[in-house]
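Residues 0 to 179 (numbering that gives the first Met the number 0) are what the sequence shown spells out, left to right.
Heads up, the beta-carbon is just placed ideally off N, CA and C, and yes, glycines get one too.
So the structure is just underneath, and the comments pick up after that.
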Amino acid sequence: MNSKDVKGISVIAIADGRNMGKVSHIFFDPEARKVVGFGAAESQGFLRPKTDEDMIDASEIHSLGPDALTLKNADEVAGTETTTAMDHLIDAEELNKREVVTEAGTHVGTVASIDFDPKSFDLLAFEVSAGMLKSHRMVSAADIMTIGADAIVVRNSVETAPAEAGEAGRFVVGDVDPTS
């Protein structure tokens, strides 16, 4: 699942069918290389001020689908006062625009989004943009060497790997075997 598709979906408690708000943040643990939590805020309109954000630990999620994140019950949402354990995490929005370079120092692009498994929440790939009008490519988690505070370092093979058009015009590194 892509982080672009998750932000803004509803958070629903299965027990009572209550809408807890919408996903407002996605929290990523760079050491574990996985999404570990989500922020949820009640919908805000033109005249409605933003309410406090609730935190949802990924382990408490019943399911993450294309239209909603479901929890067994509303009690699985923690208030903002319990979020100090998430202080070392990176908001997916902060990862976006982070520079991606090869280990040899060649600029590949900037992170545009995160692809992760909707069940395990493990990182699958970063969507990387080479520029405003250039195509995007997916850089597999296996090719990511370091997720640093200022840059993402990837293997040199990412720069030279052939890219092939994928879904929605994206290019995926490693989809083509150059020996065949």
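Quick one: Cα of residue i to Cα of residue j, how far?
i, j, result
"Ser2", "Asp114", "6 Å"
"Ala31", "Val107", "23 Å"
"Glu52", "Ser119", "24 Å"
"Pro65", "Asn18", "16 Å"
"Glu190", "Ala14", "Coverage of the chain is limited to positions 0 through 179, which leaves residue 190 absent and any answer about it impossible."
"Val153", "Lys6", "26 Å"
"Ile146", "Pro117", "21 Å"
"Lys33", "Ala73", "24 Å"
"Lys133", "Lys71", "42 Å"
"Asn95", "Val110", "5 Å"
"Phe37", "Ser58", "11 Å"
Who are the near neighbours of residue i in its chain, counting only those whose CB is closer than 6 Å to its CB and skipping five residues on each side?
i, result
"Gly20", "Val10, Ala39, Ala40, Glu41"
"Ser62", "Thr69"
Span of the beta strand (DSSP E) holding residue i?
i, result
"Asp114", "106-115"
"Ala150", "150-153"
"His87", "Note, His87: premise wrong, no beta strand (DSSP E); not H, not E."
"Ile146", "143-146"
"Ala140", "Where Ala140 is concerned, there is no enclosing beta strand (DSSP E), given that its DSSP letter is neither H nor E."
"Phe98", "Looking at the sequence provided, one finds Glu at residue 98 rather than Phe. From DSSP, the beta strand (DSSP E) with Glu98 extends over 98-101."
Assuming residue i is part of the alpha helix (DSSP H), what are its boundary residues?
i, result
"Ser2", "2-5"
"Leu123", "Looking at the DSSP string, Leu123 is not in any alpha helix (DSSP H); the run it does join, the beta strand (DSSP E), is 122-128."
"Glu93", "91-94"
Tell me, please, which residues DSSP counts as bridged to residue i.
i, result
"Phe37", "Ile25, Ile55"
"His135", "Ser128"
"Gly20", "Val10"
Leaving out the 5 sequence neighbours to the left and right, which residues in its chain are closer than 8 Å to residue i when beta-carbon positions are compared?
i, result
"Asp4", "Pro65"
Just to confirm my understanding: we take residue i, look at its own chain, exclude 5 residues before and 5 after, and list those with CB closer than 7 Å. What are they?
i, result
"Pro29", "Ile89, Ile146"
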